[in-house]
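Each remark here refers to the structure printed beneath this line.
Number of protein chains: 2
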Amino acid sequence: MSEPVKRNNPFAKVRADHAAETAEDYVEAVSDMVHRTGECRVRDLAKIMGVSHVTVTRIVTRLQEQGLIETEPYRPVRLTSSGEKLAANSRQRHEIVLQFLLALGVPQDDAERDTEGIEHHVGQATLDRMAAFIRERSGD
Amino acid sequence: MSEPVKRNNPFAKVRADHAAETAEDYVEAVSDMVHRTGECRVRDLAKIMGVSHVTVTRIVTRLQEQGLIETEPYRPVRLTSSGEKLAANSRQRHEIVLQFLLALGVPQDDAERDTEGIEHHVGQATLDRMAAFIRERSGD
DNA sequence: TATCATTTGTAGCGAGTGCTACAATTCTGC
DNA sequence: GCAGAATTGTAGCACTCGCTACAAATGATA
């Protein structure tokens, strides 16, 4: 009713999630960097994401077209209000998944690594159960 | 020591995982289809994955080059022994993640959807904890 | 067997993400 | 202010995964 037919296919959904991953990861990274150091540069993102500055530049351009990021040539990168909103949501989801894995007993390093991959594929229902699990464990 | 430097970057790891996802998904689908209906055709994979037969053909060609699949033009697709092995591992991981989400209280539909995206990003440590959780819950 | 439907293959396009090499700009320190 | 370092942008390439349109092969049926 609300989504295209393809969306009913789990694999199609995973592909759609992948498309959104980049935006979320970059926006979250920009947000973190700005809050920690005052500004976020292309080279910072390149370091964080583990890619060349060329890749970052291209992706930043696209995110700017999508209204998530603002920047001028040779200048730092900052978030629009949409970008801030997306970053906040992403961070919250990231945090729940991470705390959940830790509560489950996964070692810190593994939890951090896996969270990065998992967070983009966790639906609301699962997220709710994860949050509930964290509350139970911490409430003991 | 054992992995390229980039692998230490969580985002690089996620990218590497994504590259392996296709192989796992296709090999698992072929295995399922063969066991259920006796053979697996390109059009079956196209239907399952929600893509055109053209995309399937190209990916099958690549998987054949990688030694996971065997096929001749206009013929069904079957797995090599490597392919079978990969399919078995993938299916086991898939099953653990799915049962884990169900044990956590996630509704069936959501669990199935999320499993498809999550399974490729779950490391051994997390998988072990998930398996342990399933045992605890079922042991009650 | 000859025809028609189904299936599979091929050609060619676009979007996304990666890279190196080189050019342009900005920043730093003398 | 000016030279050299650092940063950012651009050109152009590779690979993966989507697609439509059309061609070839296979299968089914009259």
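Residue numbers (my numbering), protein chains in the order written: chain H, 1 to 140; chain R, 1 to 140.
We put the CB at the ideal spot given by N, CA and C, even for glycine.
Residues of the stretch 84-113 of chain H with a C-beta less than 7 Å from any C-beta of chain R: 101, 104, 105, 106, 107, 110, 112 and 113, listed in chain order. Along the length of the stretch 27-57 of chain R, whole beta strand (DSSP E) runs at least 3 residues long do not occur. Taking one beta carbon from each stretch, the stretch 63-81 of chain R and the stretch 33-40 of chain R have 3 or more pairs nearer than 8 Å; the two touch. The Cβ of residue 28 of chain H sits no closer than 7 Å to any Cβ of chain R. Within the stretch 122-139 of chain R, 122, 123, 124, 125, 126, 128, 129, 130, 132 and 133 place their CB atoms closer than 9 Å to a CB of chain H, listed in sequence order. Per DSSP, reduced to three states, the secondary structure at residue 75 of chain R is coil, with no helix or strand assignment. Contact of residue 17 of chain R with chain H by beta-carbon distance below 7 Å involves 117.
Annotation: Cβ neighbours of residue 49 of chain H in chain R (cutoff 7 Å, chain order): 11. Judged by beta-carbon spacing, residue 27 of chain H lies within the 7 Å limit of residue 83 of chain H, meaning their Cβ atoms are closer than that value. Put simply, the stretch 49-69 of chain R does not touch the stretch 94-103 of chain R. Fewer than three CB pairs are less than 8 Å apart. Here residue 9 of chain R is buried: its Cβ has 16 or more other Cβ atoms, across all protein chains shown, within 10 Å. Counting of Cβ neighbours within 10 angstroms places residue 31 of chain H among the buried residues, the total reaching 16 or more. Spanning the alpha carbons of residue 29 of chain R and residue 45 of chain R requires a straight line of approximately 7 Å. Distance from the CA atom of residue 19 of chain H to the CA atom of residue 90 of chain H, rounded to whole angstroms, is 14 Å.
Leaving aside the five residues that flank residue 17 of chain H on each side, the residues in its chain whose CB is nearer than 8 Å to its CB run, in chain order, 120 and 121. According to the DSSP secondary-structure assignment, residue 69 of chain H is paired through a beta bridge with H:79.
In the assembly as shown, residue 132 of chain H is an exposed residue. Its beta-carbon has fewer than 16 other beta-carbons within 10 Å. Judged by DSSP in its simplified three-state form, residue 10 of chain H adopts helix.
Of the candidates H:114, H:125, H:47 and H:105, the residue whose Cα lies closest to the Cα of residue 110 of chain R is H:125. The C-beta distance from residue 85 of chain H to residue 113 of chain R rounds to 25 Å, too long to meet the 8 Å contact threshold. Put simply, of R:56, R:123, R:23 and R:47 the residue whose alpha carbon is nearest the alpha carbon of residue 107 of chain H is R:123. DSSP places residue 60 of chain H within a helical segment (H, G or I) once states are collapsed to three. For residue 48 of chain R, the closest of R:25, R:69, R:58 and R:68 by C-alpha to C-alpha distance is R:25. For residue 14 of chain R, a Cβ of chain H is located within less than 7 Å of the residue's own Cβ. Across the structure, residue 104 of chain R and residue 56 of chain H are spaced so that their CA atoms are roughly 38 Å apart. Per DSSP, residue 136 of chain R is one residue of the alpha helix (DSSP H) stretching across 124-139.
Excluding sequence positions up to five before and after residue 69 of chain H, its CB lies within less than 8 Å of the CB of 26, 27, 30, 60, 63, 77, 78, 79, 80 and 83, all in the same chain and listed in chain order.
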